[in-house]
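Heads up: the sequence shown is residues 1304 to 1935, going by my numbering. Quick reminder that beta carbons are idealized off the backbone N, C-alpha and C, glycines included. Take a look at the structure set out below.
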Amino acid sequence: METKQFKAESKRLLDMMINSIYTHKEIFLRELISNASDAIDKLYFKSLTDDKVGLSKDDFAVWITADKDSRTLKITDNGIGMTAEELENNLGTIASSGSLKFKTENKLAEDNQIIGQFGVGFYSAFMVAKKVTVITKAYGSDTAYRWESEGIDGYTVTEDEKKSTGTEIILELLDDTDDENYSEFLDTYRIKNLVSKYSDYIRFPIKMEVTHSRPVEMSDEDKEAGKTPEYEEYIEIETLNSMVPLWKKSKSELKEDDYKHFYTEKFYDYNEPLKYSHVVNEGVPSYNALLYIPSKAPFDFYSKEFEKGLQLYSNGVLIMDKCGDLLPDYFGFVRGLVDSEDLSLNISREMLQHDRQLKNIAKSIEKTISNELKKMLRNEREKYEEFWKAFGLQLKFGVYSGYGMNKDKLQDLLLFTSSQGKLVTLDEYVTAMPEEQKYIYYASGESIARIEQLPQTELVKDKGFEILYLTDNVDEFAIKMLMKYKEKEFRSVSADDLGIENTEKQEEIKAKEEENAGMLKVMADSLSGKVNKVILSQRLKSHPVCLSSEGEISLEMEKVLNTMPGNDNQVKAQRVLEINPEHEIFGKLKSASDNSEKLEKYAKLLYTQALLIEGMPIDNPVEFSNLICELM
Ligand code: ADP
């Protein structure tokens, strides 16, 4: 018997296949089951118009048989089978997909579902098998054929016996090695798991004979004698897949519990989802999706290890467990799945990435998520605030990253704690602004309690204006990206110009500054390298001093930037020490204005005080302590 060679390009592909394309060997089963289901689909399609098929829908099934003694796994279907020529064409050449040809030739009705469109799946069998045998009999043919191959060396085709139409694929599994356990694919439990993981929604039953054991019925005598029961084995035929995917059922027949239960089971989350959405998109692209917003962030959500993505199905067959391209980073918290008939089933993630259909689906999904969130914000405020606690940070990162390219999409989803002790949206903030308020004010600090005590907030609060409290590292960076909201600029309470004009007072302070120019210069000089200027403050009311900054980088940003790796205190805000001219401390300073030694000490003290209020490290605690003692 002549051993035929695979076509040259097939050989290379086969080699690649065995060694690299699929990282999870277990998916071979998904591939073979999909092929079987495709073959059944074809015969079922024929049976609709051809009585000679003699089978009705309920007769069709895929069978799995595992035999531990011979280390073989068999996948059998009663689908359309293959002729000798088809065997040659389909299994001798990779990437000549018979399914695709059938689809085009027969102009299949829209609802006909054929999964395979790319001829590589079958060869994945060689990832786990040293030998693959295919016994097949095509519909309408009297002869059956046997195709055998041990991989790269080629294959043989011979005539064989087979009673009924269909195909039987027999895998002789590879021997176990230190790294790989192939025997597990003979294990009933493992097989059941794989089917429910990858092929649960194949619409024909996947059946298996499963061996169970039960105690043998005992006679009363034996029972009384206290004999231990004997066990006997019996075989039961089980259907391993549930066949109809939840997402393909009509919404009206599903209850909230169905969706929630599905989520907790499928995504291994103890907590019920906060929100779900069942999308049936019949337009272009056509797809069904189940989208869930978890109620809590997974423990690794804000770490590098976290991998975003939705499950991707093509006609009920799982293609990818986490398709990251379906979700933008800022919606990376969404879990769920997408099932589409419009996808061309490519072999690798790399190729899928460039798929136009996939991109369109991703766009449509992003819109859905955004709308759902807006709806929740409008109608279910409490829920939204819960969501915000779990995932708000991610949205703020989204505003900031990519140079703010997504800020318009995200700005209306943001919440901030405000000086009024509640969470507000930017829209709520702006709507509540009194007419004379020019800017959206914000103050940053480590915690709300700390910010509340910041001297810089006094004037703005005194005016009755609301302030947004920024406590997360990313906040101020995100605000800087936004720049404006509804034509209103953001303004830090530490900024020079707060837009709270009081010309009279300003002039008064200016005059005082000129009067005391000499004194302020001595102070500034003594703090050179630490602050750029010492000025008299317009914003302080009860506090003696505060620090503010000039230019783009605020004190908070300085703190954040310098905690980033590789940024060893490189970034410095341009600090300004502000002194309250109405505070009694100012009188003390003035009385020391001819004593520059004393003035320098006061300057150091006040600067350190300001640092402490700001929650920043002080340069020289011992000196500070000595100064206090000395001046007391
Ligand atoms: P794909 O399924 O993506 O087309 P495969 O390499 O898995 O690629 O299969 C190649 C071809 O072999 C299929 O298109 C189909 O025509 C044929 N084939 C594979 N398995 C079966 C089967 N169980 N019954 C009938 N034909 C099959």
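> Which value, in whole angstroms, describes the spacing of the CA atoms of Ala1369 and Tyr1426?
Replying inline: Taking the sequence shown and counting its residues from 1, the one referred to as residue 1369 is at position 66. Taking the sequence shown and counting its residues from 1, the one referred to as residue 1426 is at position 123. Each residue's alpha carbon lies about 19 Å from the other.
> Could you give the distance in angstroms between the alpha-carbon of Glu1527 and the alpha-carbon of Thr1491?
Replying inline: On the sequence shown, residue 1527 is found 224 positions in, with the first residue counted as 1. On the sequence shown, residue 1491 is found 188 positions in, with the first residue counted as 1. Glu1527 and Thr1491: Cα-Cα distance of roughly 36 Å.
> How is Glu1755 classed by DSSP in three states: helix, strand or coil?
Replying inline: Along the sequence shown, read from residue 1 onward, the residue named residue 1755 stands at position 452. If DSSP states are grouped into helix, strand and coil, Glu1755 belongs with the helices.
> Quick check: the stretch 1611-1629 against the stretch 1704-1713, are there 3 or more CB pairs under 8 Å?
Replying inline: With contact defined as three or more Cβ pairs closer than 8 Å, the stretch 1611-1629 and the stretch 1704-1713 are not in contact.
>> If contacts are defined as beta-carbon pairs under 8 Å, then Leu1880 and Val1848 qualify, I think. What distance do you get, rounded to the angstrom?
In response: Residue mapping note: residue 1880 aligns to position 577 of the sequence shown, counting from 1. Residue mapping note: residue 1848 aligns to position 545 of the sequence shown, counting from 1. Confirmed, Cβ separation roughly 7 Å.
>> Excluding the 5 residues flanking Ala1428 on each side, which residues of the same chain have their C-beta closer than 6 Å to its C-beta?
In response: Counting from one through the sequence shown, the residue named residue 1428 turns up at place 125. For Ala1428, where only same-chain residues beyond five positions count, the Cβ hits under 6 Å are Phe1331, Val1435, Leu1474.
> Is any heavy atom of the ligand ADP found at a distance shorter than 7 Å from the C-beta of Ala1387?
Replying inline: Within the sequence shown, the letter at position 84 stands for residue 1387. Answer for Ala1387: no, Cβ out of range of the ligand ADP.
>> Once the 5 residues before and after Met1822 are set aside, which same chain residues still bring their CB inside 6 Å of it?
In response: Looking up residue 1822 in the sequence shown gives position 519. For Met1822, where only same-chain residues beyond five positions count, the Cβ hits under 6 Å are Ser1896.
> Can you tell me whether DSSP reads Lys1789 as helix, strand or coil?
Replying inline: By one-based count along the sequence shown, residue 1789 stands at place 486. Three-state DSSP puts Lys1789 in coil, outside helix and strand.
> Relative to the C-alpha of Gly1382, which residue among Gly1357, Leu1577, Gly1724, Pro1576 is closest?
Replying inline: Here residue 1382 refers to the residue found at position 79 of the sequence shown. Answer by Cα proximity: Gly1357.
> Smallest Cα separation from Ser1580: which of Glu1807, Met1679, Leu1713, Leu1698?
Replying inline: Indexing the sequence shown from 1 puts residue 1580 at position 277. With distances taken between Cα atoms, Ser1580 lies closest to Met1679.
> Going straight from the alpha carbon of Asn1409 to that of Asp1456, what length do you get?
Replying inline: As a working mapping, residue 1409 is identified with position 106 in the sequence shown. As a working mapping, residue 1456 is identified with position 153 in the sequence shown. Only weak support exists for where Asn1409 lies, its pLDDT of 47 falling under 50; the value from the coordinates is given anyway. So the alpha carbons of these two residues sit roughly 35 Å apart.
>> Going by beta-carbon coordinates alone, are Pro1588 and Asn1496 separated by less than 8 Å?
In response: Within the sequence shown, the letter at position 285 stands for residue 1588. Within the sequence shown, the letter at position 193 stands for residue 1496. Not in contact: Pro1588 and Asn1496 (Cβ atoms no closer than 8 Å).
>> To test your reading of the DSSP string, which unbroken alpha helix (DSSP H) runs of 4 or more residues are found completely within the stretch 1489-1547?
In response: 1491-1501, 1523-1527
> Which residue comes first and which comes last in the alpha helix (DSSP H) that contains Arg1684?
Replying inline: Position 381 of the sequence shown holds residue 1684. Unbroken alpha helix (DSSP H) run through Arg1684: 1684-1703.
> Relative to the C-alpha of Arg1878, which residue among Gln1912, Glu1738, Gly1832 is closest?
Replying inline: Here residue 1878 corresponds to residue number 575 of the sequence shown, with the count starting at 1. For the residues Gln1912, Glu1738, Gly1832, the minimum Cα distance to Arg1878 belongs to Gly1832.
>> Can you tell me where the alpha helix (DSSP H) holding Glu1900 begins and where it ends?
In response: Here residue 1900 corresponds to residue number 597 of the sequence shown, with the count starting at 1. Here the alpha helix (DSSP H) through Glu1900 covers 1899-1917.
> If you count every other CB in all the chains shown that lies within 10 Å of the CB of Thr1439, and 16 or more means buried, which is it?
Replying inline: By 1-based counting over the sequence shown, the position of residue 1439 is 136. Result: buried.
> Any chance the stretch 1667-1682 sits against the stretch 1755-1770, with 3 or more Cβ pairs inside 8 Å?
Replying inline: no
> If you check the beta carbons only, do Gln1714 and Phe1636 fall under 8 Å apart?
Replying inline: Counted from its first residue, the sequence shown places residue 1714 at position 411. Counted from its first residue, the sequence shown places residue 1636 at position 333. Not closer than 8 Å, so no.
> So what's Ala1781 in DSSP terms, helix, strand or just coil?
Replying inline: Numbered from 1 along the sequence shown, position 478 holds the residue referred to as residue 1781. If DSSP states are grouped into helix, strand and coil, Ala1781 belongs with the helices.
> Do you know how far the Cα of Val1834 is from the Cα of Val1925?
Replying inline: Position 622 of the sequence shown, counting from 1, holds the residue named residue 1925. Position 531 of the sequence shown, counting from 1, holds the residue named residue 1834. Their backbone Cα atoms lie some 20 Å apart in a straight line.
> Taking the alpha helix (DSSP H) that Asp1936 falls in, what are its first and last residues?
Replying inline: There is no way to answer for residue 1936, as the model of the chain reaches only from 1304 to 1935.
> How close, in whole Å, do the beta carbons of Val1777 and Lys1699 come, if the pair is a contact with beta carbons under 8 Å?
Replying inline: In the sequence shown, counting from the first residue as 1, residue 1777 sits at position 474. In the sequence shown, counting from the first residue as 1, residue 1699 sits at position 396. The pair is a contact, with the Cβ atoms about 5 Å apart (cut-off 8 Å).
> Between Thr1470 and the ligand ADP, is the CB less than 7 Å from at least one heavy atom?
Replying inline: What you label residue 1470 is simply residue 167 of the sequence shown in a count that begins at 1. The beta carbon of Thr1470 sits closer than 7 Å to at least one heavy atom of the ligand ADP.
> Excluding five sequence neighbours on each side, which residues of the same chain lie with their C-beta closer than 7 Å to the C-beta of Met1784?
Replying inline: Taking the sequence shown and counting its residues from 1, the one referred to as residue 1784 is at position 481. Around Met1784: Val1702, Tyr1703, Gly1707, Lys1710.
> Would you report the Cα separation of Ser1797 and Asp1572, rounded to the nearest angstrom?
Replying inline: Locating residue 1797 in the sequence shown gives position 494, counting from the first residue. Locating residue 1572 in the sequence shown gives position 269, counting from the first residue. Those two C-alpha atoms are separated by around 44 Å.
> Run through DSSP, which three-state label would His1581 get?
Replying inline: By one-based count along the sequence shown, residue 1581 stands at place 278. Strand at His1581.
> Rounded to the nearest angstrom, how far is the Cβ of Ser1857 from that of Glu1779, given a contact under 8 Å?
Replying inline: What you label residue 1857 is simply residue 554 of the sequence shown in a count that begins at 1. What you label residue 1779 is simply residue 476 of the sequence shown in a count that begins at 1. Correct: roughly 6 Å between the Cβ atoms.
> Can you find a heavy atom of the ligand ADP that lies under 7 Å from the Cβ of Glu1334?
Replying inline: Position 31 of the sequence shown holds residue 1334. Checking the Cβ of Glu1334 against the ligand ADP gives yes.
> So, are the CB atoms of Lys1500 and Ala1364 less than 8 Å apart?
Replying inline: Along the sequence shown, one-based indexing puts residue 1500 at 197. Along the sequence shown, one-based indexing puts residue 1364 at 61. Against a cut-off of 8 Å, the Cβ pair of Ala1364 and Lys1500 comes out as no contact.
> Comparing the CB of Tyr1426 with every heavy atom of the ligand ADP, is any distance shorter than 7 Å?
Replying inline: The sequence position of residue 1426 within the sequence shown is 123, counting from 1. It does: the Cβ of Tyr1426 is within 7 Å (strictly closer) of some heavy atom of the ligand ADP.
>> Let's test the definition: count the other Cβ atoms within 10 Å of the Cβ of Ser1829 and tell me whether it reaches 16, buried, or not, exposed.
In response: To locate residue 1829, count along the sequence shown from 1; it is residue 526. That one is buried.
>> So Leu1729 and Tyr1687 are supposed to be a Cβ contact under 8 Å. How far apart are they, rounded?
In response: In the sequence shown, residue 1729 corresponds to position 426, counting from 1. In the sequence shown, residue 1687 corresponds to position 384, counting from 1. Not confirmed; about 14 Å, so no contact.
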